[in-house]
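Each residue of the sequence shown is one higher than the one before, starting from 54 at the first, in our numbering.
Read through the structure below, which is laid out as structure tokens, and then see the notes.
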Amino acid sequence: MQESSMSSRLAALGGVREAQSAVELDTRSRMFVTLLASVVTIVISSFEGQTVLFVASLLYALSIRRYRALLIAYAFMAAMMGIAVLFTYGISRVMPSMTFSLPALAVPFLRGVVMLNVVLPLALTCRVQALLTALKSLRLPFCIYIPGAVMIRFIPTFMHDIRQVSETLKIRGYHLSFGEMFRHPFMMLRLLFTPLLFRSLRTSEELGIAAELKGLEAEGRFVPFTSSAWTRRDTLLVLLAAAVAALALYCHFYWGSVPAHGMR
Numbered sequence: 054m055q056e057s058s059m060s061s062r063l064a065a066l067g068g069v070r071e072a073q074s075a076v077e078l079d080t081r082s083r084m085f086v087t088l089l090a091s092v093v094t095i096v097i098s099s100f101e102g103q104t105v106l107f108v109a110s111l112l113y114a115l116s117i118r119r120y121r122a123l124l125i126a127y128a129f130m131a132a133m134m135g136i137a138v139l140f141t142y143g144i145s146r147v148m149p150s151m152t153f154s155l156p157a158l159a160v161p162f163l164r165g166v167v168m169l170n171v172v173l174p175l176a177l178t179c180r181v182q183a184l185l186t187a188l189k190s191l192r193l194p195f196c197i198y199i200p201g202a203v204m205i206r207f208i209p210t211f212m213h214d215i216r217q218v219s220e221t222l223k224i225r226g227y228h229l230s231f232g233e234m235f236r237h238p239f240m241m242l243r244l245l246f247t248p249l250l251f252r253s254l255r256t257s258e259e260l261g262i263a264a265e266l267k268g269l270e271a272e273g274r275f276v277p278f279t280s281s282a283w284t285r286r287d288t289l290l291v292l293l294a295a296a297v298a299a300l301a302l303y304c305h306f307y308w309g310s311v312p313a314h315g316m317r
């Protein structure tokens, strides 16, 4: 009875995994969405068109259900935007000829957020094997698809490093918060960013060693462990991305207003 129940549980678990793998999107479709968003967000320079891209990309980012990672990424993006606003305001005070305008900064900030929304699903859901297979299938040179895969996979690796460093600091009695970062910036720089720098260097070495152990060479043949499958969900995602891009372009050319001072 125990063996039969164990076998039934394993069969059920296998069925769940097959169902999860069946509904997963192919890496190529996510790459197409990222490429299309990067091109369209450069072409569109109006607030209305960028708003359409932002809403659609946010729904796309929420579909992976990694809310904590998305919230942390938005917090870092907001901090970078705040620093940019402060520096722009300071330059405008020193140079009166350069006027300071928050509406003029809206479109550049929206462009950054749109790219964040489309890059995170690609980085957090695609495995290295699937990513290398997809880039290799595009007939790209070795010097392009290997750095591209490393850059995309660096995002979840860097998030894991941040988690480990923060847990280490909590064990030592340090409490990480935005208030502490503003009150003691140099101490946070020494305790947080210095370990992250050395861990990033170590991660780059480990990625290079892992590539050599897997037999990735400039003239070598790359045989994938599992073959990728294009499903109807991937086709639907590509069609929806194209429809959103067309809608954003329509809003840009017919209803859009170019930001002040020609900032694009």
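C-beta: ideal position from N, C-alpha, C; glycine also.
For clarity, every value in this text was computed on a predicted model and none was experimentally measured.
Compare the beta carbon distance of residue i and residue j with 8 Å and say whether it is the shorter of the two.
i      : j      : result
ILE95  : LEU106 : no
MET212 : ALA122 : yes
PHE85  : VAL291 : yes
ARG32  : ALA202 : Residue 32 lies beyond the stretch modelled for the chain, which goes from 54 to 317, so this question has no answer here.
ALA33  : VAL171 : Coverage of the chain is limited to positions 54 through 317, which leaves residue 33 absent and any answer about it impossible.
LEU169 : MET133 : no
ASP79  : TRP283 : yes
LEU244 : LEU222 : yes
THR288 : THR256 : no
Leaving out five residues on either side along the sequence, give the residues of the same chain with a beta carbon under 6 Å from the beta carbon of residue i.
i      : result
ALA159 : PHE100
LEU248 : Reading off the sequence shown, one finds Pro at residue 248, where the question assumed Leu. Contacts found: VAL218.
ARG252 : ASP214
TYR142 : PHE153
ARG119 : LEU177
Does residue i pass the burial test, meaning 16 or more other C-beta atoms within 10 Å, or should it be called exposed?
i      : result
SER110 : buried
SER116 : exposed
VAL92  : exposed
HIS321 : Only positions 54 to 317 of the chain appear in the structure, and residue 321 is not among them; the question remains open.
SER60  : Residue confidence is low: SER60 scores 44 on pLDDT, short of 50, so the model does not pin down where it sits. No coordinate-derived value is stated.
ARG164 : buried
ARG285 : exposed
VAL191 : A small correction: the amino acid at residue 191 is Leu; Val does not occupy that position in the sequence shown. Looking at its Cβ environment, which holds fewer than 16 other Cβ atoms inside 10 Å, LEU191 is exposed.
VAL69  : Summary for VAL69: the model assigns pLDDT 34, below 50, so the residue's position carries little reliability, and this model does not support an answer.
LEU321 : Given a span of 54 to 317 for the chain in the structure shown, any question on residue 321 remains unanswerable.
GLY226 : exposed
ILE136 : exposed
ALA299 : exposed
ILE199 : buried
Looking only at its own chain, which residues have a Cβ that is under 8 Å from the Cβ of residue i, when we skip the five neighbours before and after it?
i      : result
PRO238 : none
VAL181 : ALA202 and ARG206
VAL167 : ALA90, THR94, GLN103, LEU106, PHE107 and SER110
Spatial neighbours of residue i within its chain, please: CB distance less than 7 Å, with the 5 preceding and 5 following residues excluded, ordered by chain position.
i      : result
SER58  : Confidence is the limiting factor: at SER58 the pLDDT is only 41, short of 50, which leaves the residue's position unreliable, though a coordinate-based value still follows. Answer for SER58: no residue qualifies.
GLU220 : none
VAL138 : LEU158
TYR303 : none
Could you tell me which uninterrupted alpha helix (DSSP H) segments, each at least 4 residues in length, are contained entirely in the stretch 152–195, listed from first to last along the chain?
-> 155–178 and 181–190
Would you list, in sequence order, the uninterrupted alpha helix (DSSP H) runs of no fewer than 4 residues that lie entirely inside the stretch 85–112?
-> none
The stretch 199–208 contacting the stretch 170–177, beta-carbon criterion three pairs below 8 Å = yes
Uninterrupted alpha helix (DSSP H) stretches inside the stretch 215–256 (no shorter than 4 residues) = 231–236 and 238–241
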